[in-house]
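J.: If you scroll down you'll find the structure; I have some questions about it.
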Ligand SMILES: Nc1nc2c(ncn2[C@@H]2O[C@H](COP(=O)(O)OP(=O)(O)OP(=O)(O)O)[C@@H](O)[C@H]2O)c(=O)[nH]1
Ligand SMILES: [Zn+2]
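In the numbering used here, the protein residues as written are 1304 to 1674.
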């Protein structure tokens, strides 16, 4: 293969097995393809919404063209679709093209999955969900989430749930030097006061004001929610989208009835503009940062980056790096009280990332450490 680079598409230039016509790389341009949004992927079937911001949005079930076989197509993707795009029952259309993606959210390989995977395309909000209490919020989760968002070019949002249980102000001080969008949510009433809510109707638990605030943050965006177990993600997603993930209800956009697969699912948000999506990623509580370059990791700490200009060349910014300017910076009188903690976070992440690169030690993987 000297002097020439090639990819898998070359391999497929060969006679059709069934012997009719030879395959070539000159495929029809599919000028007639309509643009659709992928909302769910399940065993080679792609549920797409055609005309998402037009007068007749409809759900179309698709397969993908053979030439796209090797490319991941994920929720959030915008694709070109040909064939029967009526959305009527028992029709099947075909995805012939993946539109350029504005962002991709990746999940690092880890012990549960050896392959790095794209999980969502075109998201522009990463909502890091934490509870003000129960479970106790941890700054490390936000630090890692901010790095993941920065790396993917996605705007992070910190969403503090359960503020009925605890005032989140003290926790949020940790991030006050960062220009991070923050939103708080709480439950409307005690369950006991709303017996009609029933045990499984979680949507009634979130206060209407909370939902208004969230909708304002999500409006016009494609958002992914990420958070440790038990912080109230499904409660929020259900309340916002009207889906009933936990109970297997019917969603009117996907028309799929039950969402049993564990892959991501894009849902519309009633009361927002067309083009507003929440991508639910069941089972994914962390993204892993193994694929994030060290420099990008540092750049995510926008509050500390300016200080590194005074570090010696090649400074590793560890606690024992000679002349590292970061210590003095976070302890200067005008520094915020949160600054030393931020430096600790940065050093923990750097150490984890270096540990992994040097030793390949899976225990040290950032992927595991994010939650
Ligand atoms: N007090 C209070 N409880 C809440 C609030 N939001 C959710 N909860 C409760 O927190 C518990 C966990 O909520 P879930 O929505 O299942 O949490 P989750 O993040 O989806 O958890 P996983 O499915 O494990 O990822 C439930 O008992 C909710 O009723 C809130 O704002 N205030
Ligand atoms: Zn340094």
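Backbone N, C-alpha and C define an ideal beta-carbon position, used for all residues, glycine too.
Note that the structure is a prediction, hence the values are computed from the model and not measured.
Could you tell me if residue 1374 is buried or exposed, where buried requires 16 or more neighbouring beta carbons within 10 angstroms of its beta carbon?
T.: exposed
J.: So what's residue 1595 in DSSP terms, helix, strand or just coil?
T.: coil
J.: Look at the Cβ atom of residue 1352, then the Cβ atom of residue 1342, and state whether they are nearer than 7 angstroms.
T.: Closer than 7 angstroms, so yes.
J.: Please determine, among 1356, 1515 and 1336, the residue with the shortest C-alpha to C-alpha distance to residue 1577.
T.: 1356
J.: Going by DSSP, name the residue or residues bridged to residue 1339.
T.: In the DSSP output, where bridge partners are listed per residue, residue 1339 has 1353 and 1382.
J.: At which residue ranges does the stretch 1435–1467 contain complete alpha helix (DSSP H) runs of 4 or more residues, listed in the order of the chain?
T.: 1442–1455
J.: With DSSP as the reference, label residue 1611 as helix, strand or coil.
T.: helix
J.: Report the three-state DSSP secondary structure of residue 1568 (helix, strand or coil).
T.: Looking at residue 1568 - three-state DSSP - the assignment turns out to be strand.
J.: Quick one: what's got a C-beta closer than 7 angstroms to residue 1555's C-beta in the same chain, skipping five residues either side?
T.: The pLDDT assigned to residue 1555 is 44, lower than 50, so where the model puts this residue is not dependable, and the model offers no usable value.
J.: Spell out the partners DSSP gives residue 1649 in its beta bridges.
T.: DSSP, once it has assigned bridges, lists no residue as partnering residue 1649.
J.: Run the proximity test for residue 1646: is its beta-carbon closer than 6 angstroms to any non-hydrogen atom belonging to ligand 4?
T.: In terms of ligand content, the structure shown lacks ligand 4 and carries ligand 1 and ligand 2 instead.
J.: Could you give the residue range of the beta strand (DSSP E) that holds residue 1371?
T.: Per DSSP, residue 1371 belongs to no beta strand (DSSP E) and is neither H nor E.
J.: My output table needs one value for residue 1526: the three-state DSSP class, helix, strand or coil.
T.: strand
J.: Please state whether the Cβ-Cβ distance between residue 1487 and residue 1471 is less than 7 angstroms.
T.: yes
J.: By the 10 Å Cβ neighbour count, where 16 or more other Cβ atoms means buried, how is residue 1261 classified, buried or exposed?
T.: Residue coverage of the chain in this structure runs from 1304 to 1674, which leaves residue 1261 outside it and unanswerable.
J.: Under a Cβ-count criterion, where at least 16 other Cβ atoms within 10 Å of its own Cβ denotes burial, should residue 1562 be classed as buried or exposed?
T.: Here the model assigns residue 1562 a pLDDT of 42, short of 50, so the residue's position is not dependable and the matter cannot be decided.
J.: With distance defined between alpha-carbon atoms, name the residue in 1575, 1430, 1574 and 1411 nearest to residue 1421.
T.: Across the set 1575, 1430, 1574 and 1411, the C-alpha of 1411 shows the shortest separation from the C-alpha of residue 1421.
J.: Which residue marks the beginning of the alpha helix (DSSP H) containing residue 1519, and which one marks its end?
T.: Here the alpha helix (DSSP H) through residue 1519 covers 1511–1521.
J.: Output yes or no for whether 7 angstroms exceeds the beta carbon distance between residue 1658 and residue 1579.
T.: Residue 1658 is not a Cβ neighbour of residue 1579, given a cutoff of 7 angstroms.
J.: Quick check: residue 1512 and residue 1490, are their CB atoms within less than 7 angstroms of each other?
T.: no
J.: Roughly how many angstroms separate the alpha carbons of residue 1324 and residue 1389, rounded to a whole number?
T.: Low confidence applies here, because residue 1324 scores a pLDDT of 49, under 50, leaving its location unreliable; read the following figure in that light. Their Cα atoms are separated by approximately 30 angstroms.
J.: Thinking just about the alpha-carbon of each residue, which of 1624, 1612, 1603 and 1636 is nearest to the one in residue 1450?
T.: 1603
J.: Would residue 1379 be called buried (16 or more neighbouring beta carbons within 10 Å of its own) or exposed?
T.: Result: buried.
J.: Could you work out which residue in 1340, 1479 and 1409 is closest to residue 1605 when comparing CA atoms only?
T.: 1479
J.: Quick check on residue 1464: buried or exposed, where buried means 16 or more other Cβ atoms within 10 Å of its Cβ?
T.: buried
J.: Tell me the rounded alpha-carbon separation between residue 1440 and residue 1367.
T.: Spanning the alpha carbons of residue 1440 and residue 1367 requires a straight line of approximately 42 angstroms.
J.: Hey, could you find the ends of the alpha helix (DSSP H) residue 1475 is sitting in?
T.: 1472–1476
J.: For residue 1540, write down the residues that DSSP places opposite it in a beta bridge.
T.: Looking at the DSSP assignment, residue 1540 forms no beta bridge with any residue, so it has no partner.
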